[in-house]
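Single-structure report; data block below.
In the working numbering, the protein residues as written are 6 to 315.
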């Protein structure tokens with residue numbers, strides 16, 4: 006079957022359609038693309054001096070499967086299941102429309118695949134759960150860290166593009182990578198299905214972990230992106246899980262927790278109000294007093310006066 010290498014233009018890789026922003030010579034170090042029957046293989050080395058997104062279309066009926074391996078740097082994906090920040094040594098798999106984005110002054114190295122349904126059936130077998138999702142037009146995505154062994158194969162494949170036999174070497178290495186990858190994916194899918202069977206308890210554990218991290222770092226809380234990495238969940242899904250568990254947003258929880266600590270200090274210590282405000286992260290006393298009154302119905306000085314009369 007014919008094998009071809011496309012040109013260096015990144016827009017060839019993304020089909021040249023539905024793209025937001027534009028990559029230029031300052032934004033792209035190198036891109037290569039190999040096609041073999043129902044398999045497309047590509048590598049990217051990207052540095053972007055500006056934030057940009059591109060849409061990869063894996064077919065209107067979700068019949069193709071997209072896989073990307075991050076070998077270094079950081080990019081993010083948006084799919085029907087939410088947003089994922091892909092760290093080094095991690096893999097993203099999905100179908101349907103998937104947005105690939107890179108933030109300003111960020112870079113990444115990536116090896117990726119697009120696999121057609123006929124080849125997927127040959128690799129996985131007709132009754133594999135993943136193929137059943139694809140045949141049922143069910144949008145899905147998985148994100149997990151790949152093994153060091155698979156990482157070695159990916160690096161070997163990434164470097165093979167520069168050799169005289171790169172067309173043939175790349176295809177051979179691609180099938181080697183895919184065989185190892187699907188073994189690891191089966192383990193991840195089994196773990197995820199177990200989690201989904203007890204979905205509520207799993208989500209509660211994630212929300213509780215996020216709360217613990219926030220309470221331990223209430224003076225300098227992590228960003229929602231940083232928190233999502235600690236909790237192994239995309240920022241958008243973490244926000245949903247957290248609100249379902251506690252009834253308020255992550256931002257509101259931090260604010261309420263700080264004010265609860267301040268209220269306890271007002272009742273249990275004789276520290277000046279200004280010191281208490283500083284200890285819970287407020288430098289403007291007018292704002293601090295206003296928030297205390299909104300939450301507890303009285304100004305800090307009035308709370309202290311009530312305690313003195315008791």
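Note that CB positions come from ideal geometry on N, CA and C, so glycine has one too.
These numbers were taken from a predicted model, which means no experiment stands behind them.
Query, Result
"Segment limits, alpha helix (DSSP H) that includes residue 43", "Segment: none, residue 43 is in no alpha helix (DSSP H) and carries neither H nor E."
"Counted within 10 angstroms of its Cβ, other Cβ atoms place residue 114 as buried (16 or more) or exposed", "buried"
"Three-state secondary structure assigned by DSSP to residue 140", "helix"
"Exposure of residue 17, with buried meaning 16 or more beta-carbon neighbours within 10 Å", "In this prediction, residue 17 scores a pLDDT of 33, lower than 50, which makes its location untrustworthy; the coordinate-derived value is nonetheless stated afterwards. The residue in question, residue 17, is exposed, as its Cβ has fewer than 16 Cβ neighbours within 10 Å."
"Where residue 91 falls, given that 16 or more other Cβ within 10 Å makes a residue buried", "buried"
"With 16 other Cβ atoms within 10 Å as the buried cut-off, status of residue 205", "exposed"
"Backbone secondary structure at residue 177 - three-state DSSP", "helix"
"Limits of the alpha helix (DSSP H) - the one that residue 295 falls within", "290–301"
"Residues that DSSP places opposite residue 148 in a beta bridge", "97"
"Cβ pair residue 152, residue 111 closer than 9 Å", "no"
"Integer-rounded CB distance, given that residue 76 should sit under 8 Å from residue 317", "No information on residue 317 is available, as it lies outside the stretch 6 to 315 that the chain covers here."
"Residues that DSSP places opposite residue 286 in a beta bridge", "The partner list for residue 286 (beta bridge, DSSP) is empty, contrary to what the question assumes."
"Buried or exposed by the 16-neighbour rule on C-beta atoms within 10 Å, applied to residue 20", "Reliability fails at residue 20, whose pLDDT of 33 lies under 50, so the model's placement of it is uncertain and no value is given."
"Which of helix, strand or coil DSSP assigns to residue 72", "strand"
"Residue 189 beta carbon less than 9 Å from that of residue 149", "yes"
"Identity of the residues DSSP links to residue 119 by a beta bridge", "45, 71"
"Residue 156, enclosing alpha helix (DSSP H) - first and last residue", "153–165"
"Backbone CA spacing between residue 298 and residue 207 [nearest angstrom]", "37 Å"
"Residue 233 burial status per 10 Å Cβ neighbour count (16 or more: buried)", "buried"
"Rounded C-alpha distance that separates residue 33 from residue 160", "Residue confidence for residue 33 is low, a pLDDT of 42 falling below 50, so the modelled location carries little weight and cannot support an answer."
"Nonlocal neighbours in the same chain, by C-beta distance under 6 Å from residue 247, ignoring five residues either side", "212, 215, 255"
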